[in-house]
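Have a look at the structure below before the remarks.
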Amino acid sequence: MGLDKTVGSVDEAVADIPEGASLAVGGFGLCGIPSALIAALLQREAGGFKVVSNNCGVDDWGLGLLLRAGRIARMTSSYVGENKEFARQYLSGELEVELVPQGTLAERLRAGGAGIPGFYTPAGVGTQIGQGGLPWRYGADGQVAVASPPKETRVFDGREYLLEEGIRTDYALVRAAVGDRHGNLVFRSSARNFNPLAAMAGRVTVAEVEQLVEPGELDPDEVHLPGVFVQRVVRVLPDDPTATRRIERRCVRTEQEGGA
Numbered sequence: 376m377g378l379d380k381t382v383g384s385v386d387e388a389v390a391d392i393p394e395g396a397s398l399a400v401g402g403f404g405l406c407g408i409p410s411a412l413i414a415a416l417l418q419r420e421a422g423g424f425k426v427v428s429n430n431c432g433v434d435d436w437g438l439g440l441l442l443r444a445g446r447i448a449r450m451t452s453s454y455v456g457e458n459k460e461f462a463r464q465y466l467s468g469e470l471e472v473e474l475v476p477q478g479t480l481a482e483r484l485r486a487g488g489a490g491i492p493g494f495y496t497p498a499g500v501g502t503q504i505g506q507g508g509l510p511w512r513y514g515a516d517g518q519v520a521v522a523s524p525p526k527e528t529r530v531f532d533g534r535e536y537l538l539e540e541g542i543r544t545d546y547a548l549v550r551a552a553v554g555d556r557h558g559n560l561v562f563r564s565s566a567r568n569f570n571p572l573a574a575m576a577g578r579v580t581v582a583e584v585e586q587l588v589e590p591g592e593l594d595p596d597e598v599h600l601p602g603v604f605v606q607r608v609v610r611v612l613p614d615d616p617t618a619t620r621r622i623e624r625r626c627v628r629t630e631q632e633g634g635a
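Residue numbers (my numbering): 376 to 635.
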């Protein structure tokens, strides 16, 4: 592979993602999600994806679009959020869901990307996270069909810890504010959430960027994720409707309540 990692379109960027692939997807709520890449993946026939992401978007945006189309077979995430379809599919047995403490999920992605197969954490000790029995999949009769297994434990300095495994996925889809042709990425504000971690976890990482610059234009101290973790870069234009930045829940105050 040459140093120039740019591809011509989002369609080209996801064209080889096969049926049943595992995907790490950046973003938190609707902040920093790779919406253009998700929209391109929606246009393909492939499905059965095993997705690792903090949440699953909302019913009509982000990963929620893939979910509604029946393209996701399994989610590893921290919470259901505002997605009613996510809850419906999970409770009806259509979707397998592994809920993971948010900090643990972040570290599992980072560890996988760093080549660390596992680590010990106190999060979840004494709960079903460690003891097992969390419903991963329900049956049509509403009973638990697949439950989480118990985790290995170990005591360090008198305190019990759980063994958690690092996560590696076939592909990662992320969004950055700025990227260069070598794959070095800069994230804007709170979009620097799960994006760097998801990018590290993917064996093939695809980044959609709002601004594409030439190599050398980014100060090394500005780079949040080095290009060694990125295999493809595609620019999405600001007026591209699939790249719209949406607010998950817009909350405002009236003038009577003290708003501006």
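For each residue, glycine too, the CB sits at the ideal point set by N, CA and C.
For residue 403, the pairing in a beta bridge is given by DSSP as 406. Closest in C-alpha terms to residue 573, from the list 594, 605 and 612, comes 605. Within the DSSP bridge table, the entry for residue 530 names 535 as partners. The segment 524-533 and the segment 564-581 do not touch, with fewer than three beta-carbon pairs separated by less than 8 Å. In this structure, the CA atom of residue 422 is about 18 Å from the CA atom of residue 473. In the DSSP annotation of this structure, the continuous segment of the alpha helix (DSSP H) that includes residue 504 starts and ends at 503-506. Going by C-alpha positions, residue 558 is about 10 Å away from residue 598. In this structure, the beta-carbon distance from residue 610 to residue 587 falls below 8 Å. Residue 488 sits in a helix when the DSSP states are folded into three classes.
For residue 510, the enclosing beta strand (DSSP E) covers residues 510-513. Assignment of residue 438 by DSSP, reduced to helix, strand and coil, places it in the helix class. Secondary structure at residue 420: coil, using DSSP grouped into helix, strand and coil. Proximity to residue 425 across 452, 498 and 539 peaks at 452, based on C-alpha coordinates. Taking C-beta separations shorter than 6 Å and ignoring five residues to either side along the sequence, the partners of residue 600 in its chain run 560, 571 and 574, following chain order. When the alpha-carbon of residue 441 is set against those of 429, 420, 486 and 513, the nearest one is in 420. According to DSSP, residue pairing for residue 577 in a beta bridge involves 544.
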